[in-house]
Amino acid sequence: MSAFTIAYILRISLDPRPFHISINAIDFITSIFMTLPLWIAMFYFFGLYDREIYTHPLRNFGRILLASITGIMIMISVTFFTNTPLFPAKLVAGYATGIGFILLMIFRSAANIVRLKLLKRGLGARRVVLIGNCDLTHVLADFIETNPLTGFKISGIVAQTQFIPIELKKLRRSSLESALTRDKIDVIIQTDSKNVSEHYQIAQKHYLDFYQAPEFDGIMTTKHTIDIIDSVPLIHTHPTPLMGYGRIVKRIMDIAGGTIGIIIASPIMLLVAIAVKISDPAGPILMHGKQQKRLTRYNRPFKVYKIPLTLRKV
């Protein structure tokens, strides 16, 4: 609302020409107010309310920019197809896009700063009970306790004494049921596989979030996806992170980067080729043959051409 109001005022102040479509300020603001549900739905679609987005500056910046442009484009499309004027002039839409983006960045950044300040004081943190007799319990407990910006706060730990940091020994609980009775819990984090199904059912019963830490290091990468076969979730660990759109991006980068690199390096390669030919007129400029073959990811051989590394004396 603020962005469109400022855009309307700027158009009046900076451009003396009359509006292309006669819309007074009250009608303009009212029509924009009616589109607020559309904006909220669009922000949800772009993931602007997801924690992994609004806590990540670069992702937040990109999503807000896309949402601002897309929102204005949708409103222009509505105006075109329904013949319902929403903007009194074209410049209003342009001003609103830029101002809306700037205001969204300012207000969301300010809200995030306030959220972080509150988390440092222990306000708004989600109360966690850690379960598991393994070293990962100690690691997570220590990290969460010393990093309030995670948004978690340790309320109880169900583990043997050796897996609990010294300063958190007082939070040790004998069982999950005991922790739920004595403490207020929002989240359950389990670091081993013992009684996982039982603990998950308890989390469902009490409407608690449940996290299961992986038991092998291969999951602690970006090289995995979750596949479902007959309602059974399977963690698929890839041999390379270049899956899906990542492969497309890599291929585009390979072609673009390779082309630019060849163009830039072509004068140097030409000089080297001349030097090779002067050094050995009978020899090839590029080395090739069986010894220069390599294998692709799926063991398919391909040829590699290289300039000889040594030059014969003339």
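Under the UniProt record's numbering, the sequence shown has 304 at position 304, and the numbering climbs by one with no breaks.
Where a beta carbon is used, it is the ideal one built from N, C-alpha and C, also for glycine.
When DSSP states are grouped into helix, strand and coil, P148 belongs to the helix group. If you draw a straight line from the Cα of D192 to the Cα of L130, it comes to about 10 Å. Scanning its chain for C-beta atoms nearer than 6 Å, with the 5 sequence neighbours on each side dropped, one finds around K184 the residues R127, in chain order. The Cβ atoms of D142 and P165 sit closer than 9 Å to each other. Our two residues, I264 and D254, have alpha carbons roughly 15 Å apart in a direct line. The DSSP-derived three-state label of Q160 is coil.
For a cut-off of 8 Å, the C-beta gap from L119 to L149 is around 6 Å, short enough to register as a contact.
Measuring C-alpha to C-alpha distances from R121 to each of E145, K194 and S175 identifies E145 as the nearest. In terms of Cα proximity to Y44, the closest of E198, M34, G261 and S68 is S68. At least 9 Å separates the beta-carbon of G94 from that of G71. Distance from R182 to R173 at the Cβ level is roughly 7 Å; contact confirmed, criterion being Cβ atoms closer than 8 Å.
Under the 10 Å beta carbon count, G283 is surrounded by fewer than 16 other beta carbons and is classified as exposed. With distances taken between CA atoms, Y207 lies nearest to D186 out of T30, P214, D186 and E198.
For P281 and M269, the gap between their C-alpha atoms comes out near 17 Å. For L130, the enclosing beta strand (DSSP E) starts and ends at R126 to I131.
Contact check for F46 and M105: beta-carbon distance about 14 Å, past the 8 Å limit, so the pair fails to qualify. The beta carbon of R59 sits closer than 8 Å to those of E52 and I53, all from its chain and outside the five residues before and after it, given in chain order. DSSP places P37 in the uninterrupted alpha helix (DSSP H) bounded by L36 to F45.
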